[in-house]
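Notes for the one structure printed next.
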Amino acid sequence: MTLGELLRESASLLAGVSDSPRLDAELLGCHVLGVDRSLCFSRPEYPLSTREASAIRALLARRLAGEPVAYLLGRRGFWTLDLAVNPDVLIPRPETELLVERCLTHIPPASPRDLCDLGTGSGAIALALASERPECHITAVDRSEASLAVARSNGELCRLRVEWLQGDWFAPLSGRRFHLIASNPPYVAEDDPHLEQGDIRHEPRQALVAGPDGLAALRLIIRQAPAHLRAGGWLVLEHGHDQAQAVRALLQGAGFTELACHRDLAGLPRISEGRYGGGTADE
Ligand code: GLN
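Right under this line is the structure:
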C-alpha cells in the first residue's frame, strides 16, 4: 500500500469525527514515518511497510475514537513555539494567541517587567511572552503538578526561562505585584453540552470547567488581581464568547479602567482587558 492510498482511506474514515480529516490523516501518517508533511504531496507513491501501515492504522483508530491529534502527536504549535502536550494539559488554541498579542501591546520591548500567567497549563502563554520579551521576569502558576511538569519541560525544550510555581491562582504569589497578569482560566459552564462532544472530552476538566455559569475562576481572578498589580498594571483575560459583558461588569466593579474587549479570528468577543490604578505601569 502507498502513503497516498492510506491517506485517502484514512481521510474518508475520519470525515465522521473531524473537521479536518485529510490534515489529521497527513499529520498522523507523517508522525509515524518521522517525516515532514510535504512528503504527502511530493511522494504519495511512497510504499508503506506493513509495520508502518499498521502503526498509522493504530493511531487512526484512536483518532476515530475521538482522541485529539495534538495528544496523539504529543505536540502542538503555539505562537512560534512547538510545545509538548499530553492529556494533563489543555491543548493550546489559536484564539489564545490573540491574548498573547494583546499582552505584548502593553509590554514595551527591551524593558524589564514582571509578568504573570495564571493557570499556565502547558506553559503556552508564559513561554510565548518569554520568547518575545526576554528581558521580562515571567512567573507562571498552576494548581496541577502534572501540568507544571509539562510546562517546565516545555521551558527546557524551548530554552526559555520562566519561574514555575505550584498553587491555586494567587496563593503562591502573596505580596507580589506585576506589571501585567494574563490568564486563560477555565470558563466553561459545568452543564455545557459541548463538554460531551468531540475532542474536548479528552481534555482535563479542571482546565475547562468553572462552576455553574463558567465564571467562577474569572470572578476570583478579577477580584484578587488588584492586590497583585502595580499601579497602572494590566489584567488580560480570555473568556467564553458569551461572557464579555459579564467580564466587563466584573472588571468595572473591581475598579479597572481602560476596559476593552477584542474579537478572535472567528469574530467572537474573547479577550478582555483592563488597567488598574493610575500612572504608568513602570513605576
Ligand atoms: N476555548 C475552550 C473551549 O471552549 C475553553 C478553554 C478554557 O476554558 N479556558 O473549547
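Residues are numbered in the numbering used here as their position in the sequence shown, beginning at 1, plus a constant of 9.
Even for Gly, the Cβ is constructed at its ideal location relative to N, Cα and C.
Considering just the uninterrupted stretch of the alpha helix (DSSP H) at residue i, what are its terminal residues?
{"i": "R232", "result": "A225 to Q233"}
{"i": "T105", "result": "P103 to T114"}
{"i": "A149", "result": "Premise fails: A149 lies in the beta strand (DSSP E), H146 to D151, not in any alpha helix (DSSP H)."}
{"i": "L246", "result": "Careful: L246 lies outside any alpha helix (DSSP H), inside the beta strand (DSSP E) at L238 to E247."}
{"i": "R161", "result": "E154 to C167"}
{"i": "S21", "result": "L12 to L23"}
{"i": "A137", "result": "A133 to E141"}
{"i": "S51", "result": "L48 to S51"}
In terms of DSSP beta bridges, what is residue i paired with?
{"i": "D84", "result": "In the sequence as presented, Asp is not what sits at residue 84; that position holds Arg. The partner list for R84 (beta bridge, DSSP) reads A93."}
{"i": "F265", "result": "Y285"}
{"i": "S192", "result": "L127 and L246"}
{"i": "W173", "result": "A149"}
{"i": "I209", "result": "Paired residue(s): none; I209 is not in a bridge."}
{"i": "C39", "result": "Answer is none; C39 lacks a bridge partner."}
{"i": "P278", "result": "R272"}
{"i": "P56", "result": "T11"}
Per DSSP, what kind of secondary structure is residue i in: helix, strand or coil?
{"i": "F187", "result": "strand"}
{"i": "I65", "result": "helix"}
{"i": "P202", "result": "helix"}
{"i": "V78", "result": "helix"}
{"i": "V197", "result": "strand"}
{"i": "P221", "result": "coil"}
{"i": "E99", "result": "Per the sequence shown, the amino acid found at residue 99 is Leu instead of Glu. Of the three classes helix, strand and coil, the one that applies to L99 here is coil, per DSSP."}
{"i": "D28", "result": "coil"}
Please classify residue i: is it buried, with 16 or more other beta-carbons within 10 angstroms of its beta-carbon, or exposed?
{"i": "H203", "result": "exposed"}
{"i": "R232", "result": "exposed"}
{"i": "A74", "result": "exposed"}
{"i": "A198", "result": "buried"}
{"i": "A149", "result": "buried"}
{"i": "A275", "result": "exposed"}
{"i": "D33", "result": "buried"}
{"i": "E292", "result": "Low local confidence applies: a pLDDT of 43 at E292 is under 50, so the model's placement there is unreliable, and no value is given."}
{"i": "S281", "result": "buried"}
{"i": "P195", "result": "buried"}
Measure from the C-beta of residue i to each C-beta in chain B and report whether the shortest distance is under 7 Å.
{"i": "A191", "result": "Among the chains in the structure shown there is no chain B, since it carries only a single protein chain."}
Please list, following the chain, all residues that have a C-beta closer than 7 Å to any non-hydrogen atom of the ligand GLN.
L99, R102, E104, N193, P194, P195, Y196, V197, H203, I209, A216, L217, E247 and G249
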